Each structure stands twice: as C-alpha cells, then as structure tokens.
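Working notes for the structure below.
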Amino acid sequence: MLFNLPLAIQTFVSTFLWTTEPSFTDELSPLTFELRHQHGLTNASRIVFSDVKPSAGFAQQNVYRIPRKRINVPRPPSKEKYAAARKMSMEQGMSMSLDWRDDEVDGPDVSTKDALLQFAHMAYNAYYPDNTTDWYDVGDRGWDKSTPHGWLPGEDGMRGHVFVSSDNSTVVIAIKGTSASWPVGDGGPSTAKDKLNDNLLFSCCCARVGPTWSTVCGCYEGGYKCDQQCVQDSLARQEELFYPIGLNLYNNVSYMYPDANIWLTGHSLGGALSSLIGVTFGAPVVAFEAPAEKLAATRLHLPSPPSTQHVTHFYHTADPIPMGACTGVSSACAIGGFALETRCHLGQVIRLDTVQKLGWSVSVNTHGIKPVIDRILGPDSEWPDEEEVDQPEGGSILNKLWPWPGKDKHEGDNGTKPKIRPLPPPKPAAEVEGVDGVCTDCFSWEFGDYRKPSSKLS
1 MLFNLPLAIQ TFVSTFLWTT EPSFTDELSP LTFELRHQHG LTNASRIVFS DVKPSAGFAQ
61 QNVYRIPRKR INVPRPPSKE KYAAARKMSM EQGMSMSLDW RDDEVDGPDV STKDALLQFA
121 HMAYNAYYPD NTTDWYDVGD RGWDKSTPHG WLPGEDGMRG HVFVSSDNST VVIAIKGTSA
181 SWPVGDGGPS TAKDKLNDNL LFSCCCARVG PTWSTVCGCY EGGYKCDQQC VQDSLARQEE
241 LFYPIGLNLY NNVSYMYPDA NIWLTGHSLG GALSSLIGVT FGAPVVAFEA PAEKLAATRL
301 HLPSPPSTQH VTHFYHTADP IPMGACTGVS SACAIGGFAL ETRCHLGQVI RLDTVQKLGW
361 SVSVNTHGIK PVIDRILGPD SEWPDEEEVD QPEGGSILNK LWPWPGKDKH EGDNGTKPKI
421 RPLPPPKPAA EVEGVDGVCT DCFSWEFGDY RKPSSKLS
C-alpha cells in the first residue's frame, strides 16, 4: 500500500514509521558516599568538624549509593552582590536586580524510592553524634587544629554530618532537625535552641498561639495583627538563629572541598534550613517532613531566584507539620510549645497521601524520619507503586499518533505494559499546596507597619 503512493509522500511517511526517539545511554553513574565528618558549633559560634573513622558504629549505615542527573540551578553572580541585595531589602525595603547564573550541575535523581531512602538515612543519622573530642575548625591558613570549648555531647547547637563521594566530586551536608521528646527523638541539650528557631521561622507572629504564650519576639499588635517590620528585624537581630550559622557551615565545607558539588539534606527543622541554604547558594536539596519555609525566606529578605526547583520536599499527609495543620492552642504542637503554622514550601514537592491511600491517622507521631524510612521508602514499604500510562515509551512517532487497530491504548508499540512509577513525580510546591497555583501563609493574620519608622533598622 505504501509503495502505491507518490515518492515524496512515501519518503515523508517513512520518516515517521521508522524514526524512534533518541535513546540516551550515557547516563551518569551513581555516586557512592561515606560518612567523613561531623559538624558542630562551639559556644563561640565557631563551626567545628570531627573526622569519622570508617569503623565508627554510631551511624545506621556506612555507605550510600545515590543516582544522579544533570540539573539547572540558579546562582547569584557573587556572594557580595547577593549580600548587597539582601541588605538593600532589609534596610530600604527595595529590591536589587541580580543577574542570576543558570548553572548546569550534577544533582540527585530522586525519582526512585531507593534514592530517597539513602537521603532519609543520612537525615536520620544526623540526630546521633559520635562521642569524640577530636574537633577542629578551618582557619585562614588551612587546617587549624583546636580544642573547642563548645559543641560536645551534652551541649547545644546546630549539628549534623558531612558525607563525601568516593571520588570527592560531591559532598552532602546533613543537618539535624529538632531534638524533642515529641514528635521525634528523646529530647536533648539542643531542644531549647531548636524550639526557638522553629518558633521564629515557622510561626505567623512570634509564636503567639494564645494569650498565655511567651512569645519569641514582641511584634504582636492585638487581635490578629502583627508588625511586619518588627518580625523581620527580630530575625535579623537573633544571634541564635541557625540560618546564618548554616551559611557559615556551607562556606566551611566549600573551603574543605573547593572543587566539589555540594548537596544538602535534613529532616524537619534540618530540612527547612537545608532549603534556605540551598536557595541562597544554588545547591540541590532533599528535605523530609520539613515545616514550610517560604514565609521565612521572605522575612529573611532572601533575594528570590528565578526558580527554586532544585529544592525537593518529601512529606506525607498524615504529618500535620509540613501540611501546616498542627495549629491552634489545643494542637499537639502547641502543647509541646511549638508554633509551626506555615504551609507554603519553596521548590518542588513529592507529597504522598498516606491518609487516603493507606488509612493513616493524622498525628505528630508520624512526623519522625523513621516512619518515612520504615513504612514508605524501605523494603517493607506500605506505599503502592503507581502506573504511568500517559506517556508510553518506545516505537515510532507515527504509532504514537495513530495506534494500530487492536492495540491496547495503555500498551507501548511492542506490546509493553505501562511503566510502573514507585512514587508520584515532584511538582511545583504552589501547584500542590495552593489554590490556582497560589499558596498563602497565615491568611487569618493582618501584617503591616503599625509602629513608628524608628523601629526599623538604621
């Protein structure tokens, strides 16, 4: 039949019949990571590190194999220009235009359960320090051995782990989340500072949940009114805020590994801090069950990059904290002294509806990283795989446009069954969490400049 057509039409149709989509066989090989360092904070707010021996047994897992892919990340033209833009926004309320670079880098491929499981183990291990006193900081002259007077087991401060690939090409910074008797862990010496950071970053107005609450700043104006400038100034002046400490941590790690690509991960508060740091430096991030940090980024006056899709948030609907549903004076969060009221995340989101699909009850008891590891991502996962039938692979373009009679519409050209996807794909956070693509935090509050201009930073 084909050969009865004019030659020009034969050529045109043949192009579609025997043309297949290009196959990409030059995929990047996975990276193998091992735990190399712990990071901690001294009483003098110095970032310090401790080397971890391969034989150390305090980590649940010693080797992590993570697939990667090429991604684009927006990065500021320089740290100096980024800082200048942030300062202008803080002091003058004006935005400075930045010439963001669109850099192509190796990023984590988070399309599989196993890849996410590796990051989840890293985030989990960050809660557990090695009982060592061999700490050092990074001085201007290279390695500067010292004995810190601060972060040791039994003292507070931001801490976590540093994982490095076997070829030293990539580093993963894992930041510990909130240590509390609820909803994760068994409490600890960093609980007070963790709670302070949670209530500063993720509350609507200084953690004023009810009239009897001791707030973390004095910006409440009565009713549901809050002085916006006061809240922003409180974040800028707070010496125990973990965000600037996280920037220092990132700079220290980049000094130790100047040629390496840096990723970040963390659970809960650690995940939110990882996101804020990742947006600042243009570093890929994988965060678990993190309270929503978009409002904090605005209050910290972080210059907004053209995209934040290099940040991936993973959480499920039974956890009220990332859902922004652990609110009100009678909530479990409020009973524990936490005001975790925000619901809008940066970046992209993988949200699993464990309430509808698995019948989980909404509870802060599901907030820990262990339920994610044991019940969702691990070998005994309760989460069912999903069928992907909208874009079958293989075969000619013509067959995709006009399927042959008798072929199942869900089968590929070679009779293949639809792909099975282990997890839903990441989607922009505003698409998942918002209405018509717009997500709003603290909608019941009214924010404004209710105080005299003298209350602003000079």
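Using the UniProt record's numbering, the letters of the sequence shown map in sequence onto residues 1 to 458. Ideal placement from N, C-alpha and C gives every residue a C-beta, glycine not left out. Values in this document were obtained by computation on a predicted structure and should not be read as measured data.
Among the candidates the options, whose CA atom is the shortest distance from the CA of residue i?
i	options	result
Ser-29	Pro-54, Ser-50, Gly-222, Arg-68	Arg-68
Ser-78	Thr-178, Trp-100, Lys-427	Trp-100
Asn-252	Ile-47, Val-329, Pro-108	Ile-47
Ser-166	Ile-66, Ala-126, Ser-331, Gly-177	Ile-66
Met-122	Ala-192, Leu-264, Tyr-255, Glu-91	Leu-264
Asp-198	Pro-211, Cys-217, Thr-212	Cys-217
Asn-62	Tyr-124, Asp-103, Gly-40, Met-90	Tyr-124
Gly-347	Tyr-128, Val-432, Ser-330	Val-432
Can you give the Cα-Cα distance for residue i and residue j, rounded to whole angstroms?
i	j	result
Cys-230	Tyr-450	9 Å
Ser-169	Asp-137	22 Å
Pro-153	Leu-35	With a pLDDT of 39 at Pro-153, under the threshold of 50, the modelled position of this residue cannot be trusted, and the question is left open.
Leu-31	His-37	18 Å
Pro-305	Val-279	8 Å
His-310	His-345	13 Å
residue 530	Glu-27	Nothing about residue 530 can be reported from this structure: the residues present for the chain run from 1 to 458 only.
Ile-175	Leu-276	12 Å
Leu-377	Ser-203	30 Å
Tyr-82	Thr-215	31 Å
Ala-292	Glu-341	8 Å
Ala-429	Gly-437	9 Å
Asn-72	Leu-247	21 Å
Arg-70	Val-171	16 Å
Thr-25	Asp-106	Reliability of the predicted coordinates at Thr-25 is poor, the pLDDT of 39 falling under 50, and the value obtained from them is presented with this limitation in mind. Spanning the two alpha carbons is a distance of roughly 17 Å.
Ser-455	Asp-51	Caution applies to Ser-455, whose pLDDT of 44 falls short of 50 and renders its modelled position unreliable; the value that the coordinates give is listed next. So the two alpha carbons sit approximately 45 Å from each other.
Ile-373	Gln-92	45 Å
residue 476	Pro-258	Limits of the chain in this structure are 1 at one end and 458 at the other, which puts residue 476 out of reach.
Pro-274	Leu-201	Per the sequence shown, residue 274 should be read as Ser rather than Pro. About 13 Å.
Locate the beta strand (DSSP E) running through residue i, then write down its first and last residues.
i	result
Phe-49	47 to 51
Ile-71	68 to 75
Ala-174	170 to 175
Leu-41	31 to 41
Val-311	311 to 316
Arg-237	First-last for Arg-237: 228 to 237, but that is the alpha helix (DSSP H), not the beta strand (DSSP E).
Arg-421	419 to 421
Ala-287	285 to 288
Taking 7 Å as the limit between beta carbons, can you name the residues of its chain near residue i, skipping five residues before and five after?
i	result
Ser-361	Ala-318
Glu-221	Asp-227, Tyr-450
Ser-307	Pro-74
Glu-446	Tyr-224, Lys-225
Gly-337	Lys-195
Ser-254	Ile-262
Mind checking which residues open and close the alpha helix (DSSP H) that includes residue i?
i	result
Leu-295	294 to 299
Pro-108	No alpha helix (DSSP H) holds Pro-108; the beta strand (DSSP E) holding it covers 101 to 108.
Asp-114	113 to 125
Phe-242	242 to 256
Thr-354	354 to 358
Asn-197	191 to 202
Thr-265	No alpha helix (DSSP H) contains Thr-265, which is instead part of the beta strand (DSSP E) from 261 to 267.
Ser-89	79 to 92
Val-432	429 to 433
Quick one: residues in its chain with C-beta nearer than 6 Å to the C-beta of residue i, no 5 flanking neighbours on either side, listed in chain order?
i	result
residue 465	Shown here, the chain extends from 1 to 458; a query on residue 465 therefore has no answer.
Ala-126	Gly-160, His-161, Ala-174, Lys-176
Ala-332	Val-364
Thr-354	His-316, Thr-317, Ala-318, Trp-360
Ser-45	none
Leu-164	The sequence shown places Val at residue 164, rather than the Leu named in the question. Counting only Cβ-Cβ distances below 6 Å, and skipping sequence neighbours, we find Arg-36, Val-171.
Trp-404	In this prediction, Trp-404 scores a pLDDT of 48, lower than 50, which makes its location untrustworthy; the coordinate-derived value is nonetheless stated afterwards. There are no such residues.
With a threshold of 8 Å on Cβ separation, who are the neighbours of residue i within its own chain once the five nearest residues in sequence on each side are excluded?
i	result
Val-110	Leu-116, Phe-119, Val-286, Thr-312, Phe-314, Ile-350, Pro-426
Pro-384	Lys-357
Lys-145	Note that Lys-145 scores 40 on pLDDT, short of 50, meaning its location in the model is unreliable and no value can be drawn from it.
Met-94	Met-88
Within the 8 Å Cβ cut-off, does residue i reach chain C?
i	result
Ala-297	Protein chain content of the structure displayed is limited to a single chain, and chain C is not contained in it.
Round the Cβ separation of residue i and residue j to the nearest angstrom and send it over; I've been treating them as touching at under 8 Å.
i	j	result
Ile-335	Glu-289	Between Glu-289 and Ile-335 the Cβ distance is about 19 Å, and since that is not below 8 Å, they are no contact.
His-301	Leu-352	Contact flag wrong, Cβ pair sits at about 33 Å.
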